[in-house]
Amino acid sequence: MINDILLSSNKAKGKRPYFLENPEVERVMNITMAVAMETATLHERLDTIERLLAKKGILDRSEIEAFVPNNEEVIERQLWHARYVARVLRMVQQELEAMQQGPEQNLSMEEVANRLRNS
Amino acid sequence: MPTPVNLPPTHDRLAKHAVFPEFDHDETARYNFLTNLNKHLSTVISPGNKVAFDKRVRPQFMAEHGRDFDTPDEVKEAMLQDPHYQTWSALRRSAMEMRQQVGRATVLRQANELAEKVAKLNAQSPDTLTINPDVSAPHYMTMFDSHIMPGSYHTELFPGDVSNAASYDSGLFVTSAGMLGKYTDGGGKALTTWLKATYPDFKPKRILDIGCGLGHNTLPLAMAFPDAEVVGIDTGIPMVRYGHARAVALGVKNVQFMNLDATQTGFENESFDWIQTTMFLHETSTHAMQRLIGEIYRMLKPNGLSLHIEQPQYTPQMSVYEKFIRDWDALYNNEPFWGAMHDVDVRTWMTSAGFEEKNLLQFGAKAENDMEYPKNPNAPEVEDHGRSPIWNVFGAWK
């Protein structure tokens, strides 16, 4: 059986061109575009579900537009948003924490290993 | 509902034949995203390259050198430093790679089923498919993966594998933003429409399509001339195997497929009335092209016709910027001979083999799109360099 998960993302023969000054930025851009595609895909799936529900008379799409959450629902939804955005921007938070913490909280593991070896 | 721009059709509008890979909801949605991304890149982001060139790249070059650009290479070196061109190029490359990944992920999960379907259909008409195991892919095909398609046209992941052909069949829609019709045959259709209107007395009995790939532009020839015998040849075994099954599935009977090297086919002298190549020459090499035209002339009957759909040739009137921007695919979408093809003097190429100057012809044919989707004929159309739906055709009568 072929490993379609691995093979799907194979590199093509020939050197890959990089256009941005910094290849790390281009790598991140590629990952971001893939995520953008997945977001669009999710959006299309949700759109399909909404339209199917409307066709079956379960739900009118205008109900979605007019929906106002009650207080309990507001809390649940905002919690979801808070957790979501924290996940997305985790990296920035961690860089900030590194600035806030002193050098003792930012030892490299080489340094820690050295200290352990000598203590 | 009126739209401010010409929206591409959705991928589900492609016609499905018996060997077309199955797409689930999200796979379709991914291709829809990529089609829209390509459309956005070509109509919104790509024109910015000319703005960057006019507003900062060219003025800066002139200030530094005291003269204008002389060559497309000079433009390339300068543009590669420009942030807008960098961003557009990085995004376009990314879009091309994602198109390959999505197509591949879709076909590989069903690779065994596809191979079985193809084998079953091919067994229904064994006389019209010839596989020559001794014919290998030529060097100009094996040095790199064409269109950054991993494995290119010739690779089989297991015996009977046709996954790349199936991915190619499903994905041309994405790179052409759905302009080629529901069977991706808009080019071949444009050609036969032009031919029948211009030369109504031309009734070819035997037609050769060189570099036919999966036959998407071969079948329109067979369907337009149902009394003719059409032969499609390509060096990619998976391509002809899939192409033949596709033809059987679509009920086109007057066509056969063979894996053959076009520079040494073994066909008899003067055995074809019409010899066609469609977007094939830019996937060869200088040496192969020279051998090819000799072989075409040899196989063509007197009063026969040879036509080639290809990239437009560079002319002295074309600006260095235009030449530069049309070469993007050569370097960055793994079509290295595309750039060289722009500089080939095709008239000399044809006359060198024996075609007479007075019998040469050149015209443009607009790809026919029979897809049913809301079109807005009033929305402006922006040309995506090298991907124009107007096909450049040249050729000669013998």
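Chains as they are written, first to last, in numbering that gives the first Met the number 0: chain B, 0 to 118; chain R, 0 to 397. Quick reminder that beta carbons are idealized off the backbone N, C-alpha and C, glycines included.
Secondary structure of Ser-305(R) (DSSP, three-state): strand. Rounded to whole angstroms, the separation of the alpha carbons of Met-278(R) and Gln-312(R) is 13 Å. DSSP places Ile-4(B) in the helix class (H, G or I) of the three-state scheme. Here Val-111(B) is exposed: its Cβ has fewer than 16 other Cβ atoms, across all protein chains shown, within 10 Å. Inter-residue distance for Gly-180(R) and Met-98(B) is about 57 Å (C-alpha atoms, whole angstroms). In the displayed model, Asn-332(R) falls within coil according to three-state DSSP, outside both helix and strand. Cβ atoms of Glu-282(R) and Gly-210(R) come within 8 Å of each other, at about 7 Å. Closer than 8 Å to the CB of Asp-144(R) there is at least one CB belonging to chain B. By the C-beta density criterion, Trp-390(R) is buried, having at least 16 other C-beta atoms within 10 angstroms.
When beta bridges are read from the DSSP output, Leu-299(R) appears opposite Phe-271(R).
When rounded, the separation of the alpha-carbon atoms in Asp-168(R) and His-215(R) is 8 Å.
Beta-bridge annotation (DSSP): Trp-396(R) is paired with Leu-304(R). Contact check for Ala-246(R) and Leu-220(R): beta-carbon distance about 11 Å, past the 8 Å limit, so the pair fails to qualify. For Arg-44(B), a Cβ of chain R is located within less than 8 Å of the residue's own Cβ.
Annotated as proximal: Met-340(R) and Leu-280(R), with beta-carbon spacing under 8 Å. Interface residue (Cβ-Cβ distance to chain B less than 8 Å): Pro-149(R) is classified as such.
In its chain, beyond the 5 residues on either side, no residue has a beta carbon closer than 8 Å to the beta carbon of Glu-23(B). At a beta-carbon threshold of 8 Å, the residues of chain B lying near Ala-110(R) are Ile-1 and Asp-3, ordered along the chain.
Distances from the alpha-carbon of Ser-175(R) to those of Met-222(R), Lys-195(R), Phe-19(R) and Met-95(R) put Met-95(R) closest. Interface annotation, Asn-21(B): not in contact with chain R, CB-CB separation never under 8 Å. A Cβ-Cβ contact shorter than 8 Å links Asp-160(R) with Ala-110(R). With a threshold of 16 other beta carbon atoms within 10 Å, Asn-268(R) falls short and is exposed. Per DSSP, the beta-bridge partners of Gln-361(R) are Phe-393(R). The alpha-carbon separation between Gly-47(R) and Lys-357(R) amounts to approximately 42 Å. Shown here, Asn-37(R) sits in a helix according to DSSP, grouped into three states.
Shown here, Asp-46(B) sits in a helix according to DSSP, grouped into three states.
Between the C-alpha atoms of Arg-297(R) and Ala-189(R) there is a straight-line separation of about 27 Å. Within the stretch 6–79 of chain B, the runs of alpha helix (DSSP H) that reach at least 4 residues and sit entirely inside it are, in chain order, 22–54 and 60–65. Comparing alpha carbon positions, the residue from Trp-193(R), Gln-263(R), Val-319(R) and His-83(R) closest to Gln-361(R) is Trp-193(R).
No Cβ-Cβ contact shorter than 8 Å links His-286(R) with Val-392(R). With contact defined as three or more Cβ pairs closer than 8 Å, the stretch 4–12 of chain B and the stretch 112–119 of chain R are not in contact. For Leu-207(R), the uninterrupted beta strand (DSSP E) segment begins and ends at 205–209.
Taken residue by residue, none of the stretch 189–211 of chain R has a beta-carbon sitting less than 9 Å from a beta-carbon on chain B. Bridge pairing for Met-257(R): Thr-129(R) and Ile-232(R) [DSSP].
Nearest in C-alpha terms to Trp-348(R), of all of Leu-213(R), Phe-323(R), Leu-330(R) and Ser-305(R), is Ser-305(R). DSSP lists Ile-209(R) and His-307(R) as the beta-bridge partner residues of Thr-276(R).
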